[in-house]
Amino acid sequence: MNTTEVGDLLALINASLNAMSAGALITGFVFIRRKVVDKHKRAMLTAVGASALFLVFYVARVLLTGTHEFAGEGLARMVYRSILFSHITLAILMLPFILRLLWLVKKARFEEHKRLARFVFPVWTYVSATGLLVYLLLYQIYGYA
């Protein structure tokens, strides 16, 4: 495999990790609504693990291949850049909140965890879903230059 092929494979792995994270987040939400705390915990730790692995593989891919210029034009480029900007910005902003949620659980401060999770859950789910969408637009639909 050449560098480009390895980079594209890492991007596919990252898209899969984003999909796994989104699925685990939604599953964890369903479990906590049903008060199945042990399964909620497992689902949310799966989301954390998938997101952490995403970060490792993303950094590896960027170090290996650099960034890519979106090949789409016009409205497609504007939509792509809007999605990408919101995805990156919110992903960066979410990290301390996710770490705080984990800390609150470790300290058994569940009411605070619940209050914060109401804000973090939809944003983290959005970040995971838009990560998959960015992959589809950049690698599968329009391509990169």
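Taking our numbering, the leading residue of the sequence shown gets 56, the next gets one more, and so forth.
The C-beta atom is built at its ideal place from N, Cα and C for all residues, glycine as well.
Option nearest residue i by Cα separation, candidates the options
i, options, result
"residue 189", "140, 148, 129", "140"
"residue 131", "191, 165, 146, 92", "191"
"residue 99", "83, 149, 122", "83"
"residue 105", "138, 57, 183", "183"
"residue 176", "198, 153, 165, 93", "153"
"residue 180", "68, 62, 77", "77"
"residue 127", "120, 121, 135", "135"
"residue 133", "74, 122, 197", "197"
"residue 79", "125, 96, 120", "96"
"residue 18", "111, 107, 81, 64", "With the chain represented from 56 up to 200, any question about residue 18 goes unanswered, as that position is not in the structure."
"residue 169", "199, 195, 63, 92", "92"
"residue 75", "90, 164, 85, 109", "109"
"residue 112", "163, 69, 193", "69"
Beta-bridge partners of residue i, as assigned by DSSP
i, result
"residue 125", "199"
C-alpha distance - residue i paired with residue j, whole-angstrom precision
i, j, result
"residue 146", "residue 87", "23 Å"
"residue 39", "residue 71", "With the chain represented from 56 up to 200, any question about residue 39 goes unanswered, as that position is not in the structure."
"residue 137", "residue 61", "27 Å"
"residue 94", "residue 129", "45 Å"
"residue 58", "residue 148", "31 Å"
"residue 73", "residue 107", "10 Å"
"residue 64", "residue 56", "10 Å"
"residue 120", "residue 143", "18 Å"
"residue 66", "residue 150", "21 Å"
"residue 124", "residue 199", "5 Å"
"residue 174", "residue 167", "11 Å"
* To do: Spell out a yes or no on whether the segment 116-131 and the segment 154-162 are touching, meaning 3 or more CB-CB pairs, one atom from each, closer than 8 Å.
  => Segment contact: the segment 116-131 against the segment 154-162, fewer than three CB-CB distances shorter than 8 Å; contact not assigned.
* What residue ranges within the segment 59-91 form continuous alpha helix (DSSP H) runs of no fewer than 4 residues, ordered along the chain? -> Taking only runs of at least 4 residues, no alpha helix (DSSP H) segment lies wholly in the segment 59-91.
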